[in-house]
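Worksheet for the structure shown next.
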Amino acid sequence: MDASRRRLSAELPPDFPAERVALVDLLDRLLAEGVVVTGEITLSIADVDLVTVSLRALLASVSTLATVQSGALESAARPPE
Amino acid sequence: MTGYQGVWVYAIADYAGGDVFLPAGVARTQVRAIAAAGLTVLASDVDLAEFGEEALPRNLENLSWLEEMARAHHNVVDAAARLFPVLPTRFSTVYRSEATMVAALAERREQLRSALTRVGGHVEWGVKAYAVPGWEGDPTARQGDASEPITAGVAGPGPGTGTGAESGAGMAYLKRRRAQILARQEFSRTAAASAREVHIELSGHAAQARLYPPQATALSRTKAPMLLNAAYLIDAEGSAEFDSEVAAAAAAHPDLKLDLTGPWPPYSFAGQEG
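In order, the protein sequence lines correspond to chains A and B. Going by numbering that gives the first Met the number 0, the residue at position 67 of the first sequence is 66; the numbering climbs one at a time, nothing skipped. Going by numbering that gives the first Met the number 0, the residue at position 245 of the second sequence is 244; the numbering climbs one at a time, nothing skipped.
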């Protein structure tokens, strides 16, 4: 690697906040944001709408979760067949 | 090795040098400050087998991958934004090499510099508003039987299941139910108008404002419908004041529950003209 490049430490400073933002709030911002600098790779997949792609993944995951949970609730509420 | 590595970009920074501490980037890569076209770019080298044009669209569909990368990306941008002014670049901006990145930045140099000036020294606050179903002004709340089991007669022999009065009770139920639905619709309209007022008020205190579509109830993990999902660009010095404005708006609109998030790096305003 090029030693002349300035290196930034990968260590967290001690006072780095440990707060964990809600994923959905973060994705609102990261995925719905307009392009400022377009990477050539991102550009080459420009016909893929990132927002749609990712929200579909998110929704699929949430609905799977909901199905699993409601399934668990149902089986807990009903005697086994 | 070089042929298989690309460059993932986090932000353009108004930062002239010196060592700073930044967390690890996506895929645990080390973040570098690269001087390019008179700008400083925060970026890290990524494996194109994972971040290349073939793998990237597929990986973006994978929620656990997306979450990991989104959080790593955010950690870098957020930490940087606490140290110096930054212009966040779009998530998943990847170049095949540092040279192509520098060329792309040089082409947009003036635009990037003016955008950095516009959002630099500002933070973003998120405000979400939900309708409060139990609010005393909510006409549906007083009826107190929203949870009345519709299928009480079907679910099993409950206590007090009468005979002979079924149809009368059924009609009464349907009437009551209809009144509830109408009242709820009326309430929703009022709460939505309230949310619009809050947005207008808060926009008046912001350098810029932006509306996002309300999050689906399933995603926001609340039962109450979201009526406002907004971002406001606020002078970093004015955060405390904005917080008070949100508190005042909450007090003025008891039919809404307001949820404040931030401070965020100015993600929502990086790509918008001033």
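A virtual CB, placed ideally from N, CA and C, is assigned to each residue, including glycine.
- Query: Using a C-beta cutoff of 7 Å, does H73 (chain B) count as contacting chain A?
  - Reply: Closer than 7 Å to some Cβ of chain A, the Cβ of H73 (chain B) qualifies, so yes.
- Residues within the region 50-68 of chain B neighbouring chain A, beta-carbon criterion of under 8 Å: Result list: F50, G51, E52, L55, P56, L59, E60, N61, L62, L65 and E66.
- Span of the alpha helix (DSSP H), counted from its first residue to its last, around S243 (chain B): Residues S238 to A251.
- Query: In three-state DSSP terms, what is K174 (chain B)?
  - Reply: Looking at K174 (chain B) - three-state DSSP - the assignment turns out to be helix.
- Below 8 Å, can you find three or more Cβ-Cβ pairs linking the region 167-179 of chain B to the region 196-214 of chain B? No, because fewer than three Cβ pairs between the region 167-179 of chain B and the region 196-214 of chain B fall closer than 8 Å, the two stretches do not touch.
- Message: Check for me: the alpha helix (DSSP H) holding S63 (chain B) runs from which residue to which?
- Response: Per DSSP, S63 (chain B) is one residue of the alpha helix (DSSP H) stretching across L62 to A80.
- Query: Quick one: is T116 (chain B) near chain A, going by C-beta distance under 7 Å?
  - Reply: Output row for T116 (chain B): interface = no.
- Query: Cβ of S202 (chain B) less than 7 Å from any chain A Cβ?
  - Reply: For S202 (chain B), not one C-beta of chain A is nearer than 7 Å to its own C-beta.
- Nearest-angstrom Cα separation, counted from I33 (chain B) out to A80 (chain B): Taking the straight line joining both Cα atoms gives about 16 Å.
- Message: Comparing C-alpha positions only, which one of B:D18, B:G37, B:A36 and B:G261 sits nearest to V30 (chain B)?
- Response: For the residues B:D18, B:G37, B:A36 and B:G261, the minimum Cα distance to V30 (chain B) belongs to B:D18.
- Task: Report the neighbours of T99 (chain B) on chain A: residues whose CB is nearer than 8 Å to its CB, in chain order.
- Result: What T99 (chain B) touches in chain A: E39.
- Message: Taking 7 Å as the threshold (beta carbon to beta carbon), is T260 (chain B) in contact with chain A?
- Response: Contact with chain A is found for T260 (chain B), since one of that chain's Cβ atoms lies less than 7 Å from the residue's Cβ.
- Message: I'd like to know if Q214 (chain B) contacts chain A, where contact means its C-beta is closer than 7 Å to some C-beta of that chain.
- Response: At least one C-beta of chain A is nearer than 7 Å to the C-beta of Q214 (chain B).
- DSSP-derived helix/strand/coil call for Y211 (chain B): In this structure, Y211 (chain B) counts as coil in the three-state DSSP scheme.
- Cβ pair F90 (chain B), Y14 (chain B) closer than 7 Å: Contact flag unset, no.
- Task: Rounded to whole angstroms, what's the CA-CA distance from L29 (chain A) to P264 (chain B)? Just pull it up for me.
- Result: L29 (chain A) and P264 (chain B) have their C-alpha atoms roughly 11 Å apart.
- Best match in B:A269, B:V6 and B:T216 for proximity to Y129 (chain B) [C-alpha to C-alpha]: Comparing Cα positions, the closest option is B:T216.
- Note down, in chain order, each residue of its chain lying with its Cβ closer than 7 Å to the Cβ of D44 (chain B), except the 5 sequence neighbours on either side. Here the set comprises Q4, V6 and T28.
- Task: Return helix, strand or coil for Y129 (chain B), following the three-state DSSP convention.
- Result: DSSP, reduced to helix, strand and coil, places Y129 (chain B) within a strand of the structure shown.
- Query: Are V8 (chain B) and A42 (chain B) touching if we call contact CB-CB under 7 Å?
  - Reply: Yes, the Cβ-Cβ distance between V8 (chain B) and A42 (chain B) is below 7 Å.
- Query: Taking only beta-carbon atoms, is S238 (chain B) less than 7 Å away from chain A?
  - Reply: For S238 (chain B), no Cβ of chain A is located within less than 7 Å of the residue's own Cβ.
- Starting from the beta carbon of G120 (chain B), find every residue of chain A whose beta carbon is closer than 9 Å, and list them in chain order. Proximity of chain A to G120 (chain B) at the Cβ level (cut-off 9 Å) is not reached, the minimal Cβ distance being about 17 Å.
- Item | One or two residues paired with H121 (chain B) in a DSSP bridge | In the DSSP assignment, H121 (chain B) forms a beta bridge with B:D234.
- Could you have a look at R31 (chain B) and say whether DSSP puts it in helix, strand or coil? DSSP places R31 (chain B) in strand when its eight states are reduced to three.
- Query: Taking Cβ-Cβ distances shorter than 7 Å, what residues in chain A pair up with G345 (chain B)?
  - Reply: No information on residue 345 (chain B) is available, as it lies outside the stretch 0 to 273 that chain B covers here.
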